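To start, the structure under review is shown below, and the notes come after it.
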Amino acid sequence: MFTTLKNRFEQGYRTCNYPQEKPAVFSRYRGRPIVQKDAPPEVIQACAAACPQEAIDTSAKKIDMGRCIFCGTCEQISQGRFVRFTGDFEIATAQKDHLITDGDLPALAEHSKQHFKGLFGKSLQLRQVSAGGCNACEADLNVLATPFFDLARFGINFVASPRHSDGIVVTGPVSRNMRTALLKTYEAIPEPKVVIAVGSCTLTGGPFVGSPEITEGLDTILPVDLFIPGCPPHPLTNLHALLTFFK
Amino acid sequence: MAFLPPANYFGRIRGDFLNLMLLICGNRFGKGLVRPGGVRFDLNDDVRKTLDNRLKELKPQVKHVLDLLFSASTVRARFEDCGAVSNYDAEQLGLVGPAGRASGIPYDVRRCFPTEHYLHLNIPENKKTAGDVYSRAKVRYDEVLQSIHIIESLIALPVETACVDNTLNPLPPSSFVVTINEAWRGEVSHAMITDKNGKILRYKVKDPSFHNWNGLAMSLRDTGISDFPLNNKSFNLSYCGFDL
C-alpha cells in the first residue's frame, strides 16, 4: 500500500494542457512542410526525383501531404531551399485537395461540419479499424488514452464495437483482406456517422501505391470527413484534428 | 487484473521513450532513420546530452513502477502458474522473443546472430523455465532494464555518426536477401527479391507475432475465459503483424 502511494506521488500530474498550451516537440520533428516557391528549378527537380512517394508537384510547386511520409529527404537534398518541415503538428484537413499544399493550410475549424459539432461535440465514440496498417498509426492513436493526452477528458473515447460508436477511424492501406471487414464495420455504425482517415497509407495508399493488394485512398470507397496526414501522424496531430473538427 | 496504476504509468513512460526516438530522427517509430547503407540522422553531442538527461530521469521511474507491479502479492498470485506453455510446445510452435524465452528457448537474434556492436554487448540469455504469465512478465522486467543499460553504454561511446546521403544506390540485380533482427516483440525478418534490373520484385516482412499467436492459443488450453485477457496481454501480440 505504501509503495502504491509513493509511486502515485512520484508520478504526479502528467496530463498536457493542450489545446490551451501547445506541448513542445523535439526540433527534428517534421510537421507542416513549407515550400519556397523561388527555389532554383534544378533543386526542385532533384527533390521531386528523390521523393520516394512522388509527392512533389514541380509545376505547381506543392507537396501532397496525403502521399508524403515526412521522411525529410527533400528537405535534406534542398538544404531547406525548396522544402522546410516546420514543428507545426496541426496539419489535418477536412477535404482531400487541401492536403496538396505549399505550406498554407485552410483553417480546419472553418471547414468542419457544423452539425457534427452539435451532434458529437460533447460525446464522440469512435471505433478503430486497422485495415492492414503497420501498427504505427494504431499505436499513436492508442496513446491518446494515456494520461499525457487523456482523450477521455474531452468526451472522446475509443470503443470496442461499431454498434457503440459514432464513427470509424481507419488506418492502413485497406488491404484486400480487410476491405470487406472494414465496409461491414462501417455499415454496422448507426447514422449519422463519421469517417476519419489516419495516415499516408489510408489517405492515398502510401508506400504501397500501385499494388493490386490495397485501396488507393479510403475516400474511393467511403465518404471521408477528416483527413489526418503523417507516417504516422503525431498523437498531437490526431488530438488537434479531433478537437478542432468536433468541438 | 484490476491493478491499473502500473498500466497507466507505463503508458505514459512508453510515450516518453518514443519521443526519444523522435529526438534522434524526427519520427517516434524511427521511420526515415535507416536507409540502405546507414543512417540519415546523426547522434551529435546535443542529442546525446538530451538523451542522457531524459534517461536519468526515466530510469528510476521505470524501476519504481516495475517494483510496484512485481512486489504486489496479488499480482504475483495471479501471474504465477497462469497460461503455462511448455518448452516442448514452444519449440514445436517456434515461439520467438520474450514469449519464447519465457518458455526456455534462449533464441535472441542479438545474441545468436550479433552484427555491428552487438558482439560487444554481452546480452544475457534471459530464459526462464516455467513458461507462465509470470515468466513472460519477468523476461520483460529483466530486458527493459538491460535495454536502458545498453542505451546508456552506447550514448557514452564517443562515436561520430557518418550519415548516408539521400541517393539510393542501385540494388544488386537478381538477388535474394533475408535479414533478421531482434525487435521488441522478438525476431523480425525481412526478405526481398530483386529482378534483373535491380528493382524490387517482392518484399515480405514477417512479424514476431506471426509465430506467437499460436503460443497464446496453446497457453489457453483447458483454462477459463477469465485467463484470456491476462495471457493475451502477457504475449503482447500484434494484430497488424499477423493477418491483416
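Taken in sequence, the protein lines are chains A and B.
Note that this note's numbering numbers the first sequence so that position 229 is 248, with each residue one more than the last.
Note that this note's numbering numbers the second sequence so that position 13 is 37, with each residue one more than the last.
Glycine included, each C-beta is placed from N, C-alpha and C at the ideal position.
Model, not experiment: these values are computed from the prediction.
So, with DSSP's three-state summary, where would you put residue i?
{"i": "methionine 45/B", "result": "helix"}
{"i": "threonine 191/B", "result": "coil"}
{"i": "alanine 260/A", "result": "helix"}
{"i": "tyrosine 158/B", "result": "helix"}
{"i": "asparagine 176/A", "result": "strand"}
{"i": "valine 133/B", "result": "helix"}
{"i": "arginine 36/B", "result": "helix"}
{"i": "alanine 74/A", "result": "coil"}
{"i": "alanine 216/A", "result": "strand"}
{"i": "threonine 218/B", "result": "strand"}
{"i": "leucine 245/A", "result": "strand"}
{"i": "isoleucine 240/A", "result": "coil"}
{"i": "threonine 153/B", "result": "coil"}
{"i": "phenylalanine 168/A", "result": "coil"}
{"i": "phenylalanine 265/A", "result": "helix"}
{"i": "threonine 92/A", "result": "helix"}
Bridge partners for residue i per DSSP, in chain order?
{"i": "glycine 99/A", "result": "The partner list for glycine 99/A (beta bridge, DSSP) is empty, contrary to what the question assumes."}
{"i": "glutamate 206/B", "result": "Glu211/B"}
{"i": "glycine 225/A", "result": "Answer is none; glycine 225/A lacks a bridge partner."}
{"i": "methionine 242/B", "result": "DSSP lists no partner for methionine 242/B."}
{"i": "valine 63/B", "result": "Val58/B"}
{"i": "phenylalanine 200/B", "result": "Ile217/B"}
{"i": "phenylalanine 104/A", "result": "Pro52/A"}
{"i": "isoleucine 119/A", "result": "Asp83/A"}
At which residues does the alpha helix (DSSP H) containing residue i begin and terminate?
{"i": "aspartate 70/B", "result": "69-94"}
{"i": "serine 184/B", "result": "Checking the displayed sequence, the identity of residue 184/B turns out to be glutamate instead of serine. Run containing glutamate 184/B: none; DSSP gives neither H nor E here."}
{"i": "asparagine 255/B", "result": "252-259"}
{"i": "valine 62/A", "result": "60-69"}
{"i": "aspartate 159/A", "result": "155-161"}
{"i": "tyrosine 112/B", "result": "111-117"}
{"i": "alanine 207/A", "result": "195-207"}
{"i": "phenylalanine 139/A", "result": "133-139"}
{"i": "threonine 23/A", "result": "21-30"}
{"i": "glycine 121/B", "result": "121-126"}
{"i": "leucine 127/A", "result": "127-130"}
Start and end of the beta strand (DSSP E) containing residue i?
{"i": "valine 99/B", "result": "No beta strand (DSSP E) contains valine 99/B, which is instead part of the alpha helix (DSSP H) from 97-103."}
{"i": "lysine 228/B", "result": "224-230"}
{"i": "arginine 146/A", "result": "143-149"}
{"i": "threonine 52/A", "result": "The amino acid occupying residue 52/A in the given sequence is proline; threonine does not appear at that position. Counting along the chain, the beta strand (DSSP E) containing proline 52/A begins and ends at 52-54."}
{"i": "threonine 112/A", "result": "Premise fails: threonine 112/A is in no beta strand (DSSP E) and is neither H nor E."}
{"i": "lysine 81/A", "result": "81-83"}
{"i": "isoleucine 187/A", "result": "186-190"}
If you drop the 5 nearest sequence neighbours on each side, which residues of the same chain put their C-beta closer than 7 Å to that of residue i?
{"i": "phenylalanine 167/A", "result": "Arg33, Thr34 and Cys35"}
{"i": "lysine 81/A", "result": "Val54, Ile119, Thr120 and Asp121"}
{"i": "glutamate 167/B", "result": "Pro122 and Asn150"}
{"i": "alanine 155/A", "result": "Pro251"}
{"i": "tyrosine 165/B", "result": "Leu90 and Phe94"}
{"i": "histidine 183/A", "result": "Gln144"}
{"i": "glutamine 85/B", "result": "Ile37"}
{"i": "proline 211/A", "result": "Leu138"}
{"i": "leucine 163/A", "result": "Leu170, Pro254, Asn257 and Leu258"}
Leaving aside the five residues before and after residue i along the sequence, list all residues of the same chain whose C-beta is less than 6 Å from its C-beta, in chain order.
{"i": "valine 201/B", "result": "Met216"}
{"i": "glutamate 211/B", "result": "Val120, Val133, Ile204 and Pro232"}
{"i": "aspartate 244/A", "result": "Val213 and Val214"}
{"i": "isoleucine 88/A", "result": "Gln72, Ser219 and Cys250"}
{"i": "asparagine 176/A", "result": "Gln144"}
{"i": "isoleucine 63/A", "result": "Thr77 and Phe101"}
{"i": "histidine 259/A", "result": "Glu109"}
{"i": "leucine 195/B", "result": "Thr218 and Gly222"}
{"i": "alanine 67/A", "result": "Ile75 and Thr77"}
Could you pull out every residue in the same chain whose Cβ sits closer than 8 Å to the Cβ of residue i, ignoring the five residues on either side in sequence?
{"i": "proline 197/B", "result": "Thr218, Asp219, Lys220, Asn221 and Gly222"}
{"i": "isoleucine 208/A", "result": "Arg146, Pro181, Arg182, Ser184, Asp185, Gly186 and Ile187"}
Would a check of beta-carbon distances place residue i closer than 7 Å to chain E?
{"i": "glycine 121/B", "result": "Although the question refers to chain E, the structure presented lacks it and instead comprises the protein chains A and B."}
Subject >> Residues, ordered as in the chain, of the segment 88-105 of chain B that lie near chain A by beta-carbon distance below 9 Å >> reply: His88, Val89, Asp91, Leu92, Ser95 and Ala96
Subject >> chain B contacts from the segment 146-167 of chain A (Cβ-Cβ distance under 8 Å) >> reply: Ser149, Ala150, Gly151, Gly152, Cys153, Asn154, Ala155, Glu157, Ala158, Asp159, Val162, Ala164, Thr165, Pro166 and Phe167
Original post:
Which residues, in chain order, does the segment 39-56 of chain B contribute to contact with chain A at a C-beta distance below 9 Å?
Top reply: Gly39, Asp40, Leu42, Asn43, Leu44, Leu46, Leu47, Ile48, Cys49, Gly50, Asn51, Arg52, Phe53, Lys55 and Gly56
Subject >> Selection of the segment 229-251 of chain A by Cβ proximity to chain B, strictly under 8 Å >> reply: Cys250 and Pro251
Original post:
What are the residues of the segment 79-90 of chain A that lie near chain B, defined by any Cβ-Cβ distance shorter than 9 Å?
Top reply: Ile88, Phe89 and Cys90
Original post:
Taking Cβ-Cβ distances below 7 Å as the criterion, which residues of the segment 54-73 of chain A are in contact with chain B?
Top reply: Ala69
**OP:** For the segment 41-53 of chain A, enumerate the residues whose C-beta is nearer than 9 Å to any C-beta of chain B, in chain order.
**Re:** Val44, Phe45, Ser46, Arg47, Tyr48 and Arg49
Subject >> Members of the segment 95-122 of chain A near chain B, C-beta cut-off 7 Å >> reply: Gln95 and Ile96
Original post:
Going along the segment 147-181 of chain B in order, which residues come within less than 9 Å of chain A, judged by CB to CB distance?
Top reply: none
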